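Below is one structure, written out as structure tokens; comments come after it.
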Amino acid sequence: MTYPEMAKILFAFYAVLIASGGIMAVAAKSLVRALLGLILTLFGVSGLYMLMNAPFLALMQMLIYVGAVVVLIFFAIMLTKGADRGRESGTISCGQGLLAILAAAAPAALLSWVCLHGKNVAREPVELSIRVLGKALLNEYVLAFELISVVLFVAMAGAVLLGFERRRAR
Amino acid sequence: MSSQMSPLTMYQLVGVMLLCLGLLGFILRRSLIGMLISVELMLNGAGLSIVAAGQLTPTRADLSQLSTLLVMGLAAAEATLVLAIVLVVAKRFGSIETENISELKG
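Just so you know, the sequences run in chain order A and B. Convert by adding 958 to the 1-based position in the first sequence; the result is the number in the working numbering. Convert by adding 16 to the 1-based position in the second sequence; the result is the number in the working numbering.
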């Protein structure tokens, strides 16, 4: 089996993984199942990064998303679990669902039209070493690097502040 | 999957699919955590699209990879804040369903 064929098969596999995970994340009744769908999608996207010759990003995807964000969301589900055990109440009527699909499909249709009719400038993916990335991060993009640290710090401080809030009379 | 479609287009279409699913979930979900999960789906689509645009075109690859790292950091910060907000809302209203916590009339 040649390399391009293998890449196509892998791409199809990851795309199916992403699609099924995404559908599960959107349609599952229980929030924990939706979270499992999200994890499936995250691993699929990580595989696509690997396929695009960006292994560092694939690892970061697993570390940051699966390691941190998913755990945070799971904690949120656990700590706010009501009597219904993480299930969402209520059903969606047919008209509502149809309108929602229409609203989600309109921008997607526009964007896919743009993708399909754009100029074809594709090339083979290049692999960047972590050394190059680190140098770029500390030379050219040092402002963005520092800013994201500040954003993370402010978000954490805000979260702690919100967590200490006393129960107030409404 | 037709063979004349370039890899770039296919990666971008996967990103668009993630955006579409995320938007759909954002509209359909009835609890704040479900909406957070949908936002994460959309952010993933954005990251995938950025990396595909950098790796598969003559654009600078380091720019795209670092932008995606930035998006991941933003997603982590956003998830932290939303977790705190969800906890406060749950404490104050006793529920995280959007139907129960909207106080405006109409």
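Positions of the beta carbon are idealized from the N, C-alpha and C atoms, including for glycine. Just so we're clear, the structure is a prediction, and the values are computed from it rather than from any experiment.
When the Cα atoms are used, what is the spatial distance from residue i to residue j?
{"i": "Val-1108 of chain A", "j": "Thr-73 of chain B", "result": "32 Å"}
{"i": "Val-67 of chain B", "j": "Met-33 of chain B", "result": "16 Å"}
{"i": "Leu-86 of chain B", "j": "Glu-113 of chain B", "result": "31 Å"}
{"i": "Ala-91 of chain B", "j": "Gly-1005 of chain A", "result": "19 Å"}
{"i": "Ala-1127 of chain A", "j": "Val-1112 of chain A", "result": "The predicted model places Ala-1127 of chain A with a pLDDT of 47, which falls under 50 and marks its position as unreliable, so this point remains unresolved."}
{"i": "Gly-1025 of chain A", "j": "Ser-111 of chain B", "result": "27 Å"}
{"i": "Leu-1119 of chain A", "j": "Leu-103 of chain B", "result": "12 Å"}
{"i": "Met-17 of chain B", "j": "Ala-1058 of chain A", "result": "Because the pLDDT at Met-17 of chain B is just 45, under 50, the model does not fix this residue reliably, and the value given afterwards should be weighed accordingly. Using only the alpha carbons, I get a separation of about 27 Å."}
{"i": "Ala-1041 of chain A", "j": "Val-105 of chain B", "result": "Note that Ala-1041 of chain A scores 46 on pLDDT, short of 50, meaning its location in the model is unreliable; the coordinates nonetheless yield the value given after this. So the alpha carbons of these two residues sit roughly 16 Å apart."}
{"i": "Met-1020 of chain A", "j": "Gly-61 of chain B", "result": "15 Å"}
{"i": "Leu-48 of chain B", "j": "Ala-1061 of chain A", "result": "20 Å"}
{"i": "Ser-978 of chain A", "j": "Cys-36 of chain B", "result": "13 Å"}
{"i": "Tyr-972 of chain A", "j": "Ile-981 of chain A", "result": "14 Å"}
{"i": "Trp-1071 of chain A", "j": "Glu-1123 of chain A", "result": "48 Å"}
{"i": "Phe-1033 of chain A", "j": "Ile-101 of chain B", "result": "13 Å"}
{"i": "Asn-116 of chain B", "j": "Lys-1039 of chain A", "result": "15 Å"}
{"i": "Thr-25 of chain B", "j": "Cys-1073 of chain A", "result": "6 Å"}
{"i": "Ile-967 of chain A", "j": "Ala-986 of chain A", "result": "28 Å"}
{"i": "Ala-69 of chain B", "j": "Leu-1086 of chain A", "result": "15 Å"}
{"i": "Phe-969 of chain A", "j": "Leu-59 of chain B", "result": "20 Å"}
{"i": "Leu-1037 of chain A", "j": "Ala-1080 of chain A", "result": "47 Å"}
Along the chain, where does the alpha helix (DSSP H) that runs through residue i open and close?
{"i": "Gly-38 of chain B", "result": "23–44"}
{"i": "Lys-1093 of chain A", "result": "1088–1097"}
{"i": "Val-1109 of chain A", "result": "1100–1121"}
{"i": "Ala-1026 of chain A", "result": "Here Ala-1026 of chain A belongs to no alpha helix (DSSP H), and DSSP marks it neither H nor E."}
{"i": "Met-1018 of chain A", "result": "1013–1018"}
{"i": "Val-1072 of chain A", "result": "1052–1075"}
Have a look at the DSSP bridge pairing and note the partners of residue i.
{"i": "Glu-113 of chain B", "result": "B:Ser-47"}
Would you mind giving the Cβ-Cβ distance between residue i and residue j, rounded to the nearest angstrom? I have them listed as a contact below 8 Å.
{"i": "Met-1010 of chain A", "j": "Thr-96 of chain B", "result": "Met-1010 of chain A to Thr-96 of chain B, Cβ: 28 Å. No contact."}
{"i": "Ala-1000 of chain A", "j": "Ile-1035 of chain A", "result": "Correcting the residue type first, residue 1000 of chain A is Leu in the shown sequence and not Ala. That belief does not hold up - the Cβ atoms of Leu-1000 of chain A and Ile-1035 of chain A are roughly 16 Å apart, past 8 Å."}
{"i": "Val-984 of chain A", "j": "Gly-63 of chain B", "result": "That belief does not hold up - the Cβ atoms of Val-984 of chain A and Gly-63 of chain B are roughly 18 Å apart, past 8 Å."}
{"i": "Asn-1078 of chain A", "j": "Ser-22 of chain B", "result": "5 Å"}
{"i": "Gln-71 of chain B", "j": "Pro-1013 of chain A", "result": "In fact, because the Cβ distance is near 12 Å, the residues do not count as touching under 8 Å."}
{"i": "Leu-998 of chain A", "j": "Val-1028 of chain A", "result": "With a Cβ gap of about 11 Å, Leu-998 of chain A and Val-1028 of chain A do not count as contacting."}
{"i": "Gly-38 of chain B", "j": "Leu-57 of chain B", "result": "4 Å"}
{"i": "Ala-992 of chain A", "j": "Gly-50 of chain B", "result": "6 Å"}
{"i": "Val-98 of chain B", "j": "Leu-52 of chain B", "result": "5 Å"}
{"i": "Tyr-1007 of chain A", "j": "Leu-1015 of chain A", "result": "5 Å"}
Give, in chain order, every residue of the segment 23–36 of chain B whose Cβ lies closer than 8 Å to some Cβ of chain E. Going by chain labels, chain E is absent from the structure shown, which instead holds the protein chains A and B.
Take every Cβ of the segment 1087–1096 of chain A, pair it with every Cβ of the segment 75–86 of chain B, and state whether three or more of those distances are shorter than 8 Å. yes
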